[in-house]
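To start, the structure under review is shown below, and the notes come after it.
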Ligand SMILES: Nc1ncnc2c1ncn2[C@@H]1O[C@H](COP(=O)(O)OP(=O)(O)O)[C@@H](O)[C@H]1O
Ligand SMILES: [Mg+2]
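Numbering (this note's numbering), first residue to last: -9 to 176.
Okay, structure coming up:
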């Protein structure tokens, strides 16, 4: 970023201010792009799971935020529409978390349909976090976060697992049953 280059040649006081401005500009850009993206109608997913995830990935690539690899395996046409919607919401939230909280530079999104189950795995090379603490914070929040992704997955006969530790990146696995029969929950 140009502001950071300016900071390299400035006195320490100005450099500190320039770096702060660079950080603020980065945060603002991320937030704006995310809001634009989140406001997009669900119709963007009409091309199916793979096309939808690729679109998500290109959003991050086009904004030079994060490199996102997408891999889909198995017969995704079997996955119920409702499950697909939740899967996209979860993928979008987990990618946003990786970028916004983890400041990851690389992320991968894997979807696997196998034996009546759909697995979404989002891995990132970001800062990592303590899963139990994050889940507890998430539980107290409104809106779609880790806790609610877990509760929705459970209500669709699945679950969520987090592998992460500070400075170690993270791997979040969300599993749904491929049919849309709900079992209580939110
Ligand atoms: N991929 C990630 N990298 C680093 N920290 C994360 C990541 N995902 C979640 N977190 C941490 O877990 C917290 C809870 O996440 P989440 O439930 O999605 O709520 P929110 O994004 O609204 O804060 C975040 O505030 C952040 O501290
Ligand atoms: Mg979040």
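Heads up, the beta-carbon is just placed ideally off N, CA and C, and yes, glycines get one too.
So, helix, strand or coil for residue i, using DSSP?
i	result
residue 78	helix
residue 150	strand
residue 1	coil
residue 67	helix
residue 43	helix
residue 168	coil
residue 120	coil
Grab the span of the alpha helix (DSSP H) containing residue i for me, first residue to last.
i	result
residue 177	Residue numbering for the chain in the displayed model covers -9 to 176; residue 177 lies beyond these limits and cannot be assessed.
residue 136	136 to 145
Taking the alpha carbon of residue i as the reference point, which residue from the options has its own alpha carbon closest?
i	options	result
residue 62	77, 53, 71 and 54	77
residue 69	155, 38, 79 and 44	38
residue 141	164, 45 and 154	164
residue 49	150, 72 and 89	89
Can you check whether the CB of residue j is closer than 7 Å to the CB of residue i?
i	j	result
residue 81	residue 99	yes
residue -3	residue 8	yes
residue 116	residue 94	yes
residue 134	residue 83	yes
residue 97	residue 56	yes
residue 166	residue 148	yes
residue 113	residue 58	no
Taking only the alpha-carbon atoms, compute the straight-line gap between residue i and residue j and give it to the nearest angstrom.
i	j	result
residue 1	residue 11	15 Å
residue 106	residue 139	19 Å
residue 40	residue 64	11 Å
residue 205	residue -1	Because residue 205 is not part of the residues shown, which for the chain are -9 to 176, the question remains open.
residue 21	residue 66	31 Å
residue 18	residue 54	14 Å
For residue i, report the span of its beta strand (DSSP E) as first-last.
i	result
residue 110	107 to 114
residue 100	96 to 104
Hey, does residue i have any beta-carbon neighbour from chain E nearer than 7 Å?
i	result
residue 52	Looking at the structure shown, chain E is missing, and only one protein chain is on hand.
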